[in-house]
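Colleague: Take this structure first; my questions come after.
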Amino acid sequence: MAQSLGSLADYLLRERIITKNLKQRNLVYQIRDQGPGRMFLVDDVGDTDFIPLSRFCKIWAEKKIQRKWTRFEQHLLRSFAHNPWIGELIAKIHVTRRSGEAKYRSCQI
Numbered sequence: 014m015a016q017s018l019g020s021l022a023d024y025l026l027r028e029r030i031i032t033k034n035l036k037q038r039n040l041v042y043q044i045r046d047q048g049p050g051r052m053f054l055v056d057d058v059g060d061t062d063f064i065p066l067s068r069f070c071k072i073w074a075e076k077k078i079q080r081k082w083t084r085f086e087q088h089l090l091r092s093f094a095h096n097p098w099i100g101e102l103i104a105k106i107h108v109t110r111r112s113g114e115a116k117y118r119s120c121q122i
């Protein structure tokens, strides 16, 4: 599951997909016969900004997506504080994503 969450985070960054609200209720995990499962985002895709500058500037989009992902992880830790597995899961996500960290580029508007 950590690999599929890490892949989802990388996909959101790579494709610059901004979510309104990243919550666990908006995620679906697909179990596959072979290989790891996949995580899908099913709702709340889009930008709520009045002037959506992140559509035109890759660095702003990447920072916004990373900020929302960090909030998502913090929300998981708060919501499931009694479950030590969540902390381990988030640590595994960080290890999985370390190789594919975003490389910020300058804005070209």
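For the sequence shown, my numbering begins at 14 and goes up steadily by one.
Cβ atoms here follow ideal geometry from the backbone N, Cα and C, with glycine treated the same way.
No experiment lies behind these values; they were computed from the predicted model shown.
(1) Between the beta-carbon of P49 and the beta-carbon of Q16, is there less than 7 Å?
(2) Rounded to the nearest angstrom, how far is the Cβ of L18 from that of I99, given a contact under 8 Å?
(3) Rounded to whole angstroms, what's the CA-CA distance from I72 to R84? Just pull it up for me.
(4) Hey, D57 and K81: beta-carbon distance below 7 Å or not?
(5) Could you tell me how far apart the beta carbons of L90 and I78 are, in whole angstroms, since I believe they sit closer than 8 Å?
Modeller: By the coordinates alone:
(1) On the sequence shown, residue 49 is found 36 positions in, with the first residue counted as 1. On the sequence shown, residue 16 is found 3 positions in, with the first residue counted as 1. In this structure, Q16 lies closer than 7 Å to P49 by Cβ.
(2) Taking the first residue of the sequence shown as 1, we reach residue 18 at position 5. Taking the first residue of the sequence shown as 1, we reach residue 99 at position 86. Wrong, their Cβ atoms sit about 11 Å apart, outside the cutoff.
(3) Here residue 72 refers to the residue found at position 59 of the sequence shown. Here residue 84 refers to the residue found at position 71 of the sequence shown. Taking the straight line joining both Cα atoms gives about 18 Å.
(4) Within the sequence shown, the letter at position 44 stands for residue 57. Within the sequence shown, the letter at position 68 stands for residue 81. No, the Cβ-Cβ distance between D57 and K81 is not below 7 Å.
(5) If you number the sequence shown from 1, residue 90 lands on position 77. If you number the sequence shown from 1, residue 78 lands on position 65. Contact flag wrong, Cβ pair sits at about 19 Å.
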